[in-house]
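Notes to accompany the following structure.
There are 2 protein chains.
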Amino acid sequence: MNRTIILYGLGLAAMVTILKLIEYKYFVRQLSLEFYLAVVATLFAGLGVWVGRKLTYKKVIRVSGDFKLDESMLERLGISRREHEVLELIASGLSNQEIADRLFVSLNTVKTHSSNLFLKLEVKRRTQAIQKGKELGLIP
Amino acid sequence: MNRTIILYGLGLAAMVTILKLIEYKYFVRQLSLEFYLAVVATLFAGLGVWVGRKLTYKKVIRVSGDFKLDESMLERLGISRREHEVLELIASGLSNQEIADRLFVSLNTVKTHSSNLFLKLEVKRRTQAIQKGKELGLIP
DNA sequence: ACTTGAATCATCCTTTCGGGTGAAGGATTC
DNA sequence: GAATCCTTCACCCGAAAGGATGATTCAAGT
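Chains A and B supply the protein sequences, listed in that same order. Under the numbering used here, the first residue of the first sequence carries the number 309, and numbering increases by one thereafter. Under the numbering used here, the first residue of the second sequence carries the number 309, and numbering increases by one thereafter.
This is the structure in structure tokens:
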């Protein structure tokens, strides 16, 4: 953070210096004030974008919380609501029996759902399903 | 994305217009060129920061990258290097046999490591170990 | 009315996991 | 040298997971 502020200051200083040099040597009497202003505005807007990126990069990374489900991926893979629900519970670390209890269905039903899920995700284990589900944006 | 670009353009246009008005009405003959430049530069740098934030916000969220291992947590829980290694491979979706092949040890060894790991993490399943490992900053 | 897909449950069978226990070799520390 | 920790491996056993297959119900569409 301190580093970026210092860099920002140095960048500003360098900019001003360069502009001064340009001002006194070439442009000031050859080009219009409007053009000169446009150049300054563009340069500093660009600098601002760069600095803004540097300043907000790390902050945003920490936040990075809000997960948005990729529903198009669900459709593409033909994953039903129930199967997705099972995937979420698998990822939360529950056993098939616990999932069955939570969804008020039988163990066999959960096993069927998970088997179909593994087929659609092209995986062989629930741990792989977790991994792939995250990659595809199906679970947080 | 298109919206931000349009906003950016409108912002620039508005800025230029305002500057023009100011230029022809008040400042141009009362203040030095340096001061005028500084105002322009600051305004546009600020605008750039704002635009930069808008432009990079969504992109950065998806990255959500650099993971830093919490080694103090490993020590606190008494998790050895090998056990942590096994945890990483478990989280990547490998079976115990696959982990054994990758580490050039026997299946029994992997089972011992994972069992000790589960004790230290206070979990009962590998899926829970993945979940808790992520919470504690032991794996990405 | 017929088809289709989802959700549900079942049975059989194999593989994988996980718990418990013991033990041997190596490195470090006291 | 004894104690401790890590790593390695083994055997046994029960629980959980996974594959294959078939069946029923029910709602939605055609």
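Every residue, glycine too, gets a C-beta built ideally from N, C-alpha and C.
- Residues of the region 393 to 405 of chain A with a Cβ closer than 8 Å to any Cβ of chain B, in chain order: Ile398, Ala399, Ser400, Gly401, Leu402, Ser403.
- Judged by beta-carbon spacing, B/Lys440 lies within the 8 Å limit of B/Val431, meaning their Cβ atoms are closer than that value.
- DSSP places B/Ile447 in the coil class of the three-state scheme, outside both helix and strand.
- Here B/Leu446 is near B/Leu395, since their CB atoms are less than 8 Å apart.
- Counted as a single uninterrupted DSSP element, the alpha helix (DSSP H) harbouring A/Lys419 occupies residues 415 to 429.
- With three or more CB-CB distances shorter than 8 Å, the region 417 to 431 of chain B counts as touching the region 393 to 407 of chain B.
- Residues of the region 418 to 437 of chain A whose Cβ lies closer than 9 Å to any Cβ of chain B, in chain order: Val431, Lys432, Arg433, Arg434, Thr435, Gln436, Ala437.
- In this structure, the alpha-carbon of A/Ser414 lies about 14 Å from that of A/Ser423.
- Contact between B/Leu355 and B/Ile387 does not hold, since the beta-carbon distance rounds to 50 Å and is not under 8 Å.
- In terms of CA proximity to B/Ala437, A/Ile398 leads the group A/Asp409, A/Leu382, A/Ile398.
- Rounded to whole angstroms, the separation of the alpha carbons of B/Lys428 and A/Asp374 is 30 Å.
- Its chain contains Met381 as the residues whose beta carbon lies nearer than 6 Å to that of A/Leu444, once the 5 sequence neighbours on both sides are disregarded; these appear in chain order.
- Taking 8 Å as the cut-off, the beta carbon of B/Thr435 is found no closer than this to the beta carbon of A/Thr350.
- Taking C-alpha positions only, A/Arg384 is separated from B/Pro448 by approximately 27 Å.
- One Cα belongs to A/Lys376, the other to B/Glu393, and the distance between them is close to 31 Å.
- By the Cβ-count criterion, B/Glu379 is exposed, with fewer than 16 other Cβ atoms from all chains shown falling within 10 Å of its own Cβ.
- Within the model, the alpha-carbon separation for B/Ser400 versus B/Ala408 is close to 14 Å.
- Shown here for A/Glu391: same chain residues with a beta carbon closer than 7 Å to its own, the five before and five after excluded, namely His421, Asn424, Leu425 in chain order.
- In this model, A/Arg389 and A/Arg433 are separated by some 20 Å (Cα to Cα).
- A/Asp409: member of the alpha helix (DSSP H) spanning 404 to 411, first to last residue.
- In the three-state scheme derived from DSSP, where H, G and I count as helix and E and B as strand, B/Ser388 is classed as coil.
- In the three-state reduction of the DSSP assignment, A/Ser380 falls in the helix class, which pools H, G and I.
- Assigned with DSSP and collapsed to three states, B/Arg434 falls in helix.
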